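Below: the structure, in structure tokens.
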Amino acid sequence: MFSSGIDAVVPMLCVTLAALAVMGAEAFRARGEQLPLGGLGVVGLVGAAISAVLLWNRNAVSFGVVVADNFGLFVTLVLLLVALLTIMFSSTVVRRDGLPAGEYYALVLFATAGMIMMATANDLLVVFIALEILSIAVYVLTGIRRDDSRAIEAAFKYFLLGAFSSAFFLYGIAFTYGLAGSTRLDRVGTYMAAQSMSGNPLILVALGLLLVGFAFKISAVPFHMWTPDAYEGAPAVVTGFMSTGVKAAAFAAFARVFLSVFEPFSGEWAPLVWLLAAATMILGTVVGVAQSNLKRMLAYSSIAHGGYLLVGLVAANQVGKAAILFYLLAYAVTNLAAFGVIALLGTREAANDELRDYAGLWHTRPALAALMTVCLLSLGGLPPTAGFIGKWYIFSAAVSAGYYGLAVIGVLTSVVSVFFYLRVVVMMYMTDRPAAIAPPPVSAVAMAALVASIAAIIALGILPTPVLDFAAQSIATIF
Amino acid sequence: MLALIPLFPLLGFLVNAALGRRLRKTASGGLACAVMVASFVVAMLSVGELAGMAEGARVIEQTVYTWIASGDVVLDLTFRLDPLAAVMILVVTGIGALIHIYSTAYMHEETDGEYARYFSYLNLFAAFMLVLVLGGNFLVLFVGWEGVGLCSYLLIGFWFTKTSAADAGKKAFVVNRIGDYAFVLGMLFLLVRFGTLDFQRLASVVAALPPEAGAFGAISVATLLLFIGATGKSAQIPLYTWLPDAMEGPTPVSALIHAATMVTAGVYMIGRNAVLFSHAPGTLLIVAIVGAVTALMAGTIGLVQNDIKRVLAYSTVSQLGLMFLAMGMGAFGAGIFHLYTHAFFKALLFLGSGAVIHALHGEQDIRRMGGLKRLLPVTYWTFLIGSLAIAGVPFLSGFFSKDEILYETFAAGHWILWTVAAVTSLLTATYMFRLVCLTFHGERREASSPAPSHAAASHLHDAPPAMALALVVLAVGSALAGYAGVPHALGGTNPLGAWLAPSFRAPGANPVAELAEGSGAAGLELTLMAVSSAIAIGGIALAATVWLRRRQLADAVAARVPGLYRLLLNKYYVDELYDAAVVTPIRVGSAEGLWRGVDVAVIDGAVNGTASLVAAGSGALRRIQTGSVRAYAGSMFIGVVVILGYYLWR
Amino acid sequence: MDGWLGVIIMIALGVGFAAVMIGLSLLLGPHNPTPEKLAPYECGMPAVGSARERHSVKFYLVAMIFLLFDIEVAFLYPWAVALRDLGWAGFVQLVTFFLILSVGYVYVWRKGVLDWGPAARAGRHAARRAA
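Residue numbers (our numbering), protein chains in the order written: chain E, 4 to 482; chain B, -14 to 635; chain F, 434 to 564.
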């Protein structure tokens, strides 16, 4: 078992090595010397992506606890894309805000490694370790602007509550181990399949505790309380990174654990996840309407999007599972680009993330305003964007699985949510710029990343079939 | 080739949106018009090709590619041209092109950037509208449906410096979202029930089922949801309130979007799914009643409004109501016929009112107009033709189409609805000629306006050439468009009805022998025609008497029934009612309830503390943070307890 | 249920014993507190200031880094016990683990976390100002 190859961990290794290289370079960097640390990270990410593509369809297993099945690899590729775009947006921000470059990029890469590990983990303990690797990196990233009391506050809250939720998760793992005698997902799955009729309450306790752990990471109501604070306090690029990457990784593990291992108990958890999904969609949307800070608004929006993903999980049919993957990709690209625009509009002194700061943006930065509009329309699920296809897919999965209530709530909340996305559009196009706030120039790299994301959003909306097929194939390998 | 029709305006949009700020007005406006004309030419060629095909097999279909394939549900990006879509694309591209040309003059005072922005929106609207009309399945139609809504929203709020314009845009958007919500649910419902969203396949599947008479089954529910969507887009009760406010947009926009094309999308959608709706008699009756009531209600409101565009807006709502009445009667051909003639004369009337407003430098209150007949001859004569047409004066276009609706309603035995429609016709003739009299006849009353420079009559100029061209072409259309559907009773052959008929049948189904019935009841039809002609002329005479000869009479009547007058002037207080019953509770609920109650108390307490905490130093920081984190952790803990409790004590 | 009975009795006994002890001392003990009695650590020295004194952040940094590298040794021990069973694969894995940690060590060292005391810090500040 231990002598099996290391193939499955190669993507993770690539990212880790890049992170180590960045750390080493930072350690030996002369004071004031500019190093292309971001470029170093990109090299690692590209290497990881190539290895992930090469692993496709091979179902490699390493050490018995990491599996590079197509599901995991799909999510891995999404995560690598998230990291790549984040690094591209970051170059401007790191220089502008005077962030410690080496630490920043190293943490982003370590977090990415943790996310990849989480997406490909085949053992509850490995899931836990991955969760901690990514969480600790993200806690630090949240507070990386040490001179900003908001960021510190956000990081501290995030850390405390994250630790709290990790305890529940670990407790759930302990229960599972106590019951099944193993933390390996395949063995736990065998045990659960055999016990599906027993009605042992301890299984339900384990299930409930694991659910809490995952629900925290995907910020499902009522475990969402940290999200608005953390998202608002963190630098916008980091917010984009964690609202997409962490969510994608957590969802991958969530889906893997609940749709395979605890599948025999879906009658037990589906009603609960139903409730979580409904509450998450409703609260995220309704509270989002009342926000005046764009980052906070998008924080609530990302809570709501977590709810839509939960709908796919509840539906749990073939369409629903593929829908989760597609939605993850669509949401990741869209949300990241939106936060990218926010990040690029900030200055060192002012974050410029209040809604009124976007007044008349069309007059001063037409390109950014247009790109932001596409992002917001996609988040709102208007055709023909990636967000529309994702939502359509999720809701049709819910309806065909017979969850009419969820579909009704989902459509209603997405209809309402357009209202607050459009508010930003109105601000940008239909308001005069009050004072001549000169937005900072945008670097070519960041602009390229933005344009690429927007192209992806529109391409996913107009030509979704290849990616949908891809998602359907990758889901077919495990469930 | 079909894909080219929406592609041309889309190209115009892309160029104008990307480069517009650097283009001169002639370039951006010219481009926008050119793409519309190109689109019109392609549409003509396509329709020509369609007409050359055998009757009953007239379908041109182009599947661009498979859009979404999930499981066994395959949704293609399909454009399909059939007789119904053919009528619509000609209206959209033809009238659309005219309105683009008109706009080049109307919007000339805007800066280059704003001018290009206007035309980019207008082109984008046309592209989406054509997608809506040509879409071969519900999802493609929905793309257009959402897209035109978005453009309408942007165009209503185009003059965003006016608060009322921004508010009107927002209102249109919110109200339409309610409709869209029902529409999406209806689509999902159909998809699950029938496994397809393709119009033709849906029609084939449904045609095999018995109509849901008596029972209110799946088809009825789905069609009712779709109809709620249509009430939003087509401004019917209860979602009509946005349309009058939408008049805050530039007048050509009102003509194109809020009269000729977008607002008819709901009628078109029902026509598109005629088979589906025919199988839900319950829904159809609701459609008819809603249409009739809306027609009457909007007509009465239109009678007392003083803003020239608002009168026309309520008239649009009213005429749309008549179209829905026809649809609800199952007379799909009559409804689409009226849609088609209405597009001409209502666009003409709006453009004419735009010419008046343009000449008077933004004056919209008809109480401050009058006597413009001699000063604006082109505008006057074209406006008059439009008014005669909409009033239903014999042998103009509105006469034929409105008569068909009235006849079908009567023939179906719904004499109450027929009476409502007849009263609406009377109201239509009356308020239209009230408008004509107050605007163009009598003596000038503008001198009372506070700006003296505008008072000089010599300052007024009639429509510039670009505007006059559009007016004249539309006037000819308003006069003659009806001859496409001269009924059998008048010795015509109703070619439009025959042309459209295959679109309302399931593909491959045999034509039902209903045309014969029409000729059998020619006597009845002629009688009804005489009645409605009398109504039209009576209405015009009434308006001329009251508002031209004896103006004091109108005031006297208003003074006699002050309650009724105020009720009408305030539009039955529906806005106020919605505000009190829906808007306020939601706003309070969102801002005060969930947000303030749950999240602000707990979360924002900490964030708002941030500002003070910087000042108060680390001591305060620690206190505030521990306090709120405890609350967060408490919320999580309660969640855990609930989840575990659920499992352990079920 | 049988197997759990002992556990339950054990828990009951444990809780019960503590409760009885605290309750008895509350009931039977005399209550006449004086300021001297309430002061912490009655050992002759008067309490001065708060006990929650601020420590230098260096203290925590070094403590944390110590903890991290201490764990390293904890991993070393089980490997040493199973050295022969794990063979070369185990050796490679452990060396990888060490290499990763040593990058961290180098980083920490270069970043000056291990520089203790004002002299070193002053020197670094001077260098920063010069740069």
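Each residue gets a CB set at the ideal place from its N, CA and C atoms; glycine is no exception.
Model, not experiment: these values are computed from the prediction.
Original post:
Within 9 Å (strictly less), CB to CB, does R535(B) reach chain E?
Top reply: no
Original post:
Looking at the unbroken alpha helix (DSSP H) that takes in V59(B), where does it start and where does it end?
Top reply: No alpha helix (DSSP H) holds V59(B); the beta strand (DSSP E) holding it covers 58 to 66.
Subject >> Cα-Cα separation between R186(B) and F265(E), rounded to whole angstroms >> reply: 40 Å
Original post:
Which same chain residues, not among the five before or five after R581(B), have their C-beta less than 6 Å away from its C-beta?
Top reply: Low confidence applies to R581(B): its pLDDT is 45, below 50, so where it sits in the model is not reliable enough to give any reading.
Subject >> Spatially closest choice to W403(B) from A36(B), M314(B), G470(B), by CA coordinates >> reply: M314(B)
Original post:
Based on Cα-Cα distance, which residue from T409(B), T48(B), D447(B), E561(B) lies nearest to G523(B)?
Top reply: T409(B)
Original post:
Checking contacts by CB at 9 Å: is A586(B) closer than that to chain E?
Top reply: Low local confidence applies: a pLDDT of 39 at A586(B) is under 50, so the model's placement there is unreliable, and no value is given.
**OP:** Report buried or exposed for D72(E), applying the criterion of at least 16 other Cβ atoms within 10 angstroms of its Cβ.
**Re:** buried
Subject >> Contact belief for G211(E) with I628(B) at Cβ below 8 Å, rounded distance in angstroms >> reply: 4 Å
Original post:
Would you say A475(E) and M431(E) are within 9 Å of each other, going by their C-beta atoms?
Top reply: no
Original post:
Would you call L173(B) buried or exposed, if buried means 16 or more other Cβ atoms sit within 10 Å of its Cβ?
Top reply: buried
Subject >> Pairwise C-alpha distance: V317(E) and A30(E) >> reply: 47 Å
Original post:
Can you pull the DSSP bridge partners for N122(B)?
Top reply: D183(B)
**OP:** Note the first and the last residue of the continuous alpha helix (DSSP H) segment covering A63(E).
**Re:** From DSSP, A63(E) is part of no alpha helix (DSSP H) but of the beta strand (DSSP E) over 63 to 65.
Original post:
At least one CB of chain E closer than 9 Å to the CB of W437(F): is that the case?
Top reply: no
Original post:
Which of the three DSSP states, helix, strand or coil, is assigned to V388(B)?
Top reply: This sequence places Asp at residue 388(B); Val is not what is there. Helix, per DSSP.
Subject >> Buried versus exposed, by CB contacts within 10 Å (16 or more), V213(E) >> reply: For the sequence presented, residue 213(E) should be read as Leu rather than Val. Flag for L213(E) reads buried.
Original post:
Got a sec, what are the start and stop residues for the beta strand (DSSP E) V70(E) sits in?
Top reply: 69 to 71
Original post:
Any contact of the stretch 352 to 363 of chain E with the stretch 277 to 290 of chain E, i.e. 3+ C-beta pairs under 8 Å?
Top reply: no
Original post:
Residue ranges of each alpha helix (DSSP H) run of no fewer than 4 residues wholly in the stretch 133 to 201 of chain B, ordered along the chain?
Top reply: 148 to 179, 184 to 192
**OP:** Under 7 Å Cβ to Cβ from M92(B), same chain only, skipping five residues before and after it: list those, please.
**Re:** Y100, Y103, P235
Subject >> Selection from I163(B), A192(B), P487(B), S300(B) that minimises the alpha carbon distance to L211(B) >> reply: I163(B)
**OP:** Name the one or two DSSP bridge partners that N296(E) has.
**Re:** E357(E)
Subject >> Residues of its chain near N593(B), where Cβ-Cβ distance is below 7 Å and the 5 sequence neighbours each way are ignored >> reply: For N593(B), the predicted model reports a pLDDT of 41, less than 50, meaning its position is unreliable; a value from the coordinates is still stated below. Around N593(B): no qualifying Cβ.
Original post:
Over what stretch of residues does the alpha helix (DSSP H) that includes F131(E) continue unbroken?
Top reply: 127 to 145
**OP:** Pair every Cβ in the stretch 156 to 167 of chain E with every Cβ in the stretch 93 to 100 of chain E, then say whether three or more of these pairs are closer than 8 Å.
**Re:** no
**OP:** Specify the secondary structure class of R187(E) as computed by DSSP and reduced to three states.
**Re:** strand
Subject >> Separation of Y407(E) from A466(B), as counted between CA atoms >> reply: 46 Å
Subject >> V408(B), DSSP secondary structure in three states >> reply: helix
**OP:** Apply the 10 Å Cβ neighbour rule to N60(E) and answer buried if 16 or more other Cβ atoms are within range, or exposed otherwise.
**Re:** exposed
**OP:** Please name the residue or residues paired with A196(E) in a DSSP beta bridge.
**Re:** Answer by DSSP bridge pairing: none, since A196(E) is not bridged.
Original post:
Exposed or buried, P204(E), counting other C-beta atoms within 10 Å across all chains shown (16 or more means buried)?
Top reply: exposed
Original post:
What residue does the alpha helix (DSSP H) around M(-14)(B) start on, and which one ends it?
Top reply: No alpha helix (DSSP H) holds M(-14)(B); DSSP gives it neither H nor E.
**OP:** Measure the Cβ-Cβ separation of G371(B) and L459(B) and say whether it is below 9 Å.
**Re:** yes
Original post:
In terms of alpha-carbon separation, which member of E233(B), L527(B), V125(B) lies closest to K294(B)?
Top reply: E233(B)
Original post:
What does M450(E) touch in chain B if you count any residue whose Cβ is under 7 Å from its own?
Top reply: Near M450(E) there are no residues of chain B at all, since even the closest Cβ is about 15 Å away, more than 7 Å.
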